[in-house]
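Trainee:
Protein chains: 4
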Amino acid sequence: MTFDHYKQIRERSEYLCSNLETEDFTIQAAEHVSPAKWHLAHTSWFFETFVLKSFLPDYQEFHPDFSFFFNSYYNAVGERTARHHRGLMTRPTTEEVFDYRGYVDEQMNFLIDGYLTDEVIEIVLLGLNHEQQHQELLLTDLKYNLWQNPLLPAVLNIKEYPKQPERRWIQIKEGVYEIGHQGEGFCYDNERANHKVYLESYSIADRLVSNKEYLKFVQEGGYDRPEFWHSDGWAWLKAEGVKSPLYWLVNNDDNFCYTLDGKRELDLEAPLAHVSFYEAAAYAEWAGYRLPTEAEWEVASSEFSWGKRWEWTNSAYLPYPRYQKAPGAIGEYNGKFMVNQMVLRGASVATSPGHSRSTYRNFFHPHYQWQFTGIRLCQKIN
Amino acid sequence: MTFDHYKQIRERSEYLCSNLETEDFTIQAAEHVSPAKWHLAHTSWFFETFVLKSFLPDYQEFHPDFSFFFNSYYNAVGERTARHHRGLMTRPTTEEVFDYRGYVDEQMNFLIDGYLTDEVIEIVLLGLNHEQQHQELLLTDLKYNLWQNPLLPAVLNIKEYPKQPERRWIQIKEGVYEIGHQGEGFCYDNERANHKVYLESYSIADRLVSNKEYLKFVQEGGYDRPEFWHSDGWAWLKAEGVKSPLYWLVNNDDNFCYTLDGKRELDLEAPLAHVSFYEAAAYAEWAGYRLPTEAEWEVASSEFSWGKRWEWTNSAYLPYPRYQKAPGAIGEYNGKFMVNQMVLRGASVATSPGHSRSTYRNFFHPHYQWQFTGIRLCQKIN
Amino acid sequence: MTFDHYKQIRERSEYLCSNLETEDFTIQAAEHVSPAKWHLAHTSWFFETFVLKSFLPDYQEFHPDFSFFFNSYYNAVGERTARHHRGLMTRPTTEEVFDYRGYVDEQMNFLIDGYLTDEVIEIVLLGLNHEQQHQELLLTDLKYNLWQNPLLPAVLNIKEYPKQPERRWIQIKEGVYEIGHQGEGFCYDNERANHKVYLESYSIADRLVSNKEYLKFVQEGGYDRPEFWHSDGWAWLKAEGVKSPLYWLVNNDDNFCYTLDGKRELDLEAPLAHVSFYEAAAYAEWAGYRLPTEAEWEVASSEFSWGKRWEWTNSAYLPYPRYQKAPGAIGEYNGKFMVNQMVLRGASVATSPGHSRSTYRNFFHPHYQWQFTGIRLCQKIN
Amino acid sequence: MTFDHYKQIRERSEYLCSNLETEDFTIQAAEHVSPAKWHLAHTSWFFETFVLKSFLPDYQEFHPDFSFFFNSYYNAVGERTARHHRGLMTRPTTEEVFDYRGYVDEQMNFLIDGYLTDEVIEIVLLGLNHEQQHQELLLTDLKYNLWQNPLLPAVLNIKEYPKQPERRWIQIKEGVYEIGHQGEGFCYDNERANHKVYLESYSIADRLVSNKEYLKFVQEGGYDRPEFWHSDGWAWLKAEGVKSPLYWLVNNDDNFCYTLDGKRELDLEAPLAHVSFYEAAAYAEWAGYRLPTEAEWEVASSEFSWGKRWEWTNSAYLPYPRYQKAPGAIGEYNGKFMVNQMVLRGASVATSPGHSRSTYRNFFHPHYQWQFTGIRLCQKIN
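Chains as they are written, first to last, in the working numbering: chain A, 1 to 382; chain B, 1001 to 1382; chain C, 2001 to 2382; chain D, 3001 to 3382.
1. Contact check, A/V339 vs B/D1232 under 8 Å by CB: the rounded distance?
2. Give the DSSP-derived three-state secondary structure of A/L40 in the structure shown.
3. Using 8 Å as the threshold, is the region 2007 to 2026 of chain C in touch with the region 2070 to 2085 of chain C, meaning 3 or more CB pairs across them?
4. Can you give the Cα-Cα distance for D/A3300 and D/I3204, rounded to whole angstroms?
5. So with CB distances below 9 Å, who are the chain B contacts of C/F2068?
6. So which residues of chain B does C/H2085 contact, with C-beta pairs closer than 8 Å?
7. Tell me the DSSP secondary structure of D/E3178 in three-state form.
8. Please classify B/H1039 as buried or exposed, where buried requires at least 16 other C-beta atoms within 10 Å of its C-beta.
9. Taking 8 Å as the limit between beta carbons, can you name the residues of its chain near B/S1315, skipping five residues before and five after?
10. State the Cα-Cα distance for the pair C/T2094 and B/R1086, rounded to the nearest angstrom.
11. Would you say B/P1226 reaches chain A, if we count a Cβ-Cβ gap shorter than 8 Å as a contact?
12. My guess is that B/I1386 and B/Y1283 are in contact by the Cβ rule of under 8 Å, so how many angstroms apart are they, rounded?
13. Please check if any C-beta of chain C sits within less than 8 Å of the C-beta of D/M3338.
14. Decide if B/S1201 is buried, meaning its Cβ has at least 16 other Cβ atoms within 10 Å, or exposed.
15. Contact between the region 1134 to 1154 of chain B and the region 1039 to 1051 of chain B is defined here as three or more beta-carbon pairs at a separation below 8 Å; is this criterion met?
16. Give, in chain order, every unbroken run of the alpha helix (DSSP H) that is at least 4 residues long and sits entirely within the region 3048 to 3124 of chain D.
17. If you reduce the DSSP assignment to three classes, tell me which class A/H195 lands in.
18. Should the region 3255 to 3265 of chain D be called in touch with the region 3352 to 3359 of chain D, which here means at least 3 C-beta pairs below 8 Å?
19. Take every Cβ of the region 2362 to 2379 of chain C, pair it with every Cβ of the region 2309 to 2328 of chain C, and state whether three or more of those distances are shorter than 8 Å.
20. Please list, in chain order, the chain D residues whose beta carbon lies closer than 7 Å to that of A/D24.
21. Taking the C-alpha atoms as reference points, what is the distance between D/Y3103 and D/P3092?
22. What residue from D/D3099, D/I3123, D/A3076 has the CA that sits closest to D/L3052's CA?
23. For C/N2362, which beta-bridge partners are listed by DSSP?
24. Take C/W2306 as the anchor and find which of C/Q2133, C/H2181, C/Y2360 has the nearest alpha-carbon.
25. Determine the extent of the beta strand (DSSP E) in which C/S2315 is found, giving its start and end residues.
26. Taking the DSSP output, what are the residues bridged to D/E3240?
27. Give, in chain order, every residue of the region 3228 to 3256 of chain D whose Cβ lies closer than 9 Å to some Cβ of chain C.
28. Count Cβ pairs between the region 1190 to 1198 of chain B and the region 1214 to 1231 of chain B that sit closer than 8 Å; are there 3 or more?
29. Among D/R3083, D/F3055, D/S3013, which residue has its Cα nearest to the Cα of C/A2235?
30. From the DSSP output, read off the bridge partner residues of B/I1204.
31. Against B/P1153, what residues of chain C qualify as contacts under a CB-to-CB distance less than 9 Å, listed in chain order?
32. Quick one: what does DSSP say C/G2233 is sitting in, helix, strand or coil?
33. Can you give me, in chain order, the residues of the region 1189 to 1200 of chain B that have a beta carbon less than 7 Å from any beta carbon in chain C?
34. Grab the span of the beta strand (DSSP E) containing B/V1250 for me, first residue to last.
35. Apply the 10 Å Cβ neighbour rule to A/N211 and answer buried if 16 or more other Cβ atoms are within range, or exposed otherwise.
36. Our contact map puts D/Y3144 next to D/V3033 with C-beta atoms below 8 Å; I'd like the distance itself, whole angstroms only.
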């Protein structure tokens, strides 16, 4: 743990905002997204609250009101802005938030230079991983926020569309396997304990469903045929008027979509993105396959390439055997979300470098489309 | 399969309504409950639609509009009344619905006497199990509907409060176990295929949490302390103003509750009922235990007594390996609900005789309290 | 004031329900309508509360809970069922409500025979006028409640469609006129005090807009052209998806509608019914006219025939000069509604005999369509 | 009409924003308020659309997308941003909007110097009055937007609290009076035609209700006593949890409030502000008086001082006799709002200099509190 390592990760957050206008930092287009300014401040608040206030002698808080503004959901840390009001907080200004970041970094420099213990390192590492998680959210939330604007401004020059090979099926044999995180490296509490699972034999695709394949599902009436959909998925689709993945601008004449880099032609060979779990499951049903469970995904993951899309699994987000949440506020990090959400595996084009591993358990409610979410197919072996 | 067997099950539905006034059959106090009249008709519609129309030669439909009125959710069978409008359908009258039941039974008599094949038997058995499921809903929905009335009318003379022994812990060893339905008897598609699971060692209580135990949780501020609750559970509790299990009439002076048999004193030794999954999980957290998974429940179930409360497990309702849904409308029975719901195991005081087994997978969204739902505790073995 | 007079008015309420099934009495399809059973009981509660309890010595209340069930909105009289829960009250049953009516009538007989003073007569008269108001609501609410049912059951054999003559314009000269109720007969507090108004000259149609005329507005795109609509009206139309008057079943091939007497062909020559104020005003704008004010209506009313439709005026419901509300609960009758509502003048096919006069001020929020509401046109004289 | 006159009014809009941070210009805390940026741009769009495009030869539009962004509600001018999305439009930026203002002003300079006709002057005058109306909204919307922030930032150094004298009653005699705008000066279409009204004698207070007087109403339980409230007002108060005027920060120990100039002690002698019509009417009822009608206000207005608060009248916003709306888009200015709103007379501390007259008819829905609204009492003469 060096300050350079810390600084390198922190600077990426600011880099991701390098194309923004001052106004872009403040808005919040839906309750489930946050303003860019909020992400920048909240990640700093995390270091201030869980590291500096506890471990740096004589630390002076940057501003007495910031904890109220930038606490996310830690009930144990006290009151906070109502989530859906985050986009109304014009003060502190963006400039003040950048000052806050600078101040926290300076103080972290003192701390890393003089007060590093194993206990501190552990929390700083958590803080850096936390920052990286928010870097992904920063991008996806910005994309959602700027998408509201008919001018479709670009967020950043990031190409969303990787190439991928022809589909090949990987076979996995029946038996007891072990999943979950082992060893010394950093992981979240939800990846532990590593444990045995019994899997029946299955085969799993070595690449993701492409835009072209999904477009066929759309064009053949997939969104009008309830037999492919979960009951809750069908109700969602009807209530929201969903007709396609988020950000598609597809009509009879054109296939466009909105990307981080602005409006672009839909790359038909690239992996699909921005589908909800409901859409992923309906597509798999229509195509005659199913989604893998998270254990099936993890066991096979060394045999395929992954990392451009978060892949919906058919596993609900639940605790592993011997899961233990941390004591205190840090314990709110993962455990309290273990209901009503589905596990996603892999990583995406928006994931920060060095922030992915095959045991990583991402999770979202099944109706969300705003992450870079895609589909990998699976089937039993006859 | 004899007509007597069929008739005996069908008659229970009518028996359950024997205390009702004509007006009681029609109302619907919330979208998730149905009018008694609707249950009586819908179960008959099931036999008419899936048995009589397909297998009884020259069958004459009872009334051309009834399919519209009494289809529940079978998209494959066509249009139907909006679910939340069921309680506004004063016609057909209760009397006409009883006539409908009589007609369907008479025709089923012809069919059972003269046209029984293996294929028919299979669907009739499904229809009878379907009727039994609706018998439980009939009771729980009636309880919910009549609860709206300040007079708190009784539904039926059913005692909700069984006795139970002191708590003892049952130990299960680590290893591969097999769960799911085996053999020839009737089961739903969701109980198959039987399959192997790997369980770590655990111990599980041989009885349910009592009203007294849960009352302590309430009195010690359990509903005011977010640290025990799932994030979604806390939001639910705040949005709905939940302060206790459904049907409790508890204040500083009195401990009453509403039962099928009217207003009664809360039996403190009896097993708790009418908690949501959120409450069940929060209670377990507060008490220092956890809920069992459905596999843990099933593997241990031969060693404890069960059947008075549906027991929330910490398993999401998901397909078993090799799960196959039936073709056509019947295939909508189970599979399309396999997201966002939690599995309950056991049975309840409202379950019809002969309608329970240890592989039975009941499921509800985690916020529902209106079923006879209770809590069994579990813990790892150190 | 004789008991026969009282009884004759009371019996009409029961007559209006003579075609109903028991189930029909209980339901409530929207918050602004009430169950038939509720109207029957509430009007009896009015006599019990404001007459019998106060003026009949030793009067024994019929049932201690009925005041809770059947108080409408009198805050001064205490707690009551939430308005939107009225349709869930299966008990007291319809039969018990009829018993209640019988008991109240019997007791009123004693009172009228033995305890009649001027003060009592005044309140009994108010009670009878109140009953007649509810008779109209009983019919319009029943129509709305049974309209939910695809079988479109008839409420009662009432023909809704009167004939009317060719349109002629009545001229009124500029000057000071006097409006409001004068003299000794019964009127509501809102019709007083009679007072002077200054009117500019105008001409007013001697008949109402017909179905044929309004159909032309619909067919020529009236519901798609914001320029004719109030801003709030346009928002209402878009939010609710309104495309025509309530109860119309009009498409390219057929012109049907739902009437008290069941489904009938739309009588094109008959006066239009079931439009909101927004529709009335938009129609008038489209046709190049305007709606009259209530003063214009009242001043001219002796020169035209009226009484088949409530006629929307362009007057908001506000107090007359020197308006005084009665002391106590009776004072809640009218005054507290004097905001956000528009005045309707005339009477309708659903109005009880003897319950109309030219000074009568009916009032509803401008979006309601479920009364028998029509349109009379007006214009300035050039 | 000179460019200096035009420029002086336009510059006030920018002056009102002189204390803001860039972020403050964009947000919108509720559907009924707009971002500051939007007001600045919309008022420019008005000149561009109704003046420059029509009357300045070879006028080049500033930006092809701005009409979509900055049209308010003119259906005749085409599509526009959904009202509740205005606060999500980070682009065009504040800087671009200021450029837009500069461009429009430059072009207006050309127009005023070279192309002024009577027709043009009339529309320019309307545009300037429109700008002044938006200047008041700019202030009140900013106050509402920044009020969301726990830091309670100041909008501008404006003192809200004038002094006022002891109350004296002005007597007006019964008779025919004339109200509405006469003569040549500018007025809105809704102030015409001037016309005769018949008024009964009344007396009206020469000053407004003070904070101290209203505080007494609050402290004596005015918000808990339905007998003083309109039925709709009581429902509003219960649904919204209203306990006091907007912006009050009053508790047992302190009387503070939020003002344009930040958090200040409540000046008890100053006129009350920020009450809804419901509160105004309930206060008057509690105090034993009533609100004046708009005619009563206008007839007496020369005898009292006014202009610090918009004064709720008991008149609904309806057309005057012979009211004519202008042809085309300009006709949407006033007429389409003439339902469901109450008239306010006077002006306020936020009203732009030169933008008030005794015939001015302001109007809002009765539940709004965010304008500087106060109470003048009235009574009949016995």
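Heads up, the beta-carbon is just placed ideally off N, CA and C, and yes, glycines get one too. Because the structure is a prediction, the values reported are computed rather than measured.
Mentor: So, from the listed chains and residues:
1. 6 Å
2. helix
3. no
4. 8 Å
5. P1150
6. Q1148
7. strand
8. buried
9. T1293, E1294, A1295, M1342, V1343
10. 20 Å
11. yes
12. As displayed, chain B neither begins before 1001 nor continues past 1382, which places residue 1386 of chain B out of reach and without an answer.
13. yes
14. exposed
15. yes
16. 3066 to 3070, 3094 to 3114
17. strand
18. no
19. yes
20. T3090
21. 15 Å
22. D/I3123
23. C/L2344
24. C/Y2360
25. 2310 to 2316
26. Looking at the DSSP assignment, D/E3240 forms no beta bridge with any residue, so it has no partner.
27. W3229, H3230, S3231, D3232, G3233, W3234
28. no
29. D/R3083
30. B/I1170, B/C1378
31. T2090, R2091
32. helix
33. none
34. 1248 to 1250
35. buried
36. 5 Å
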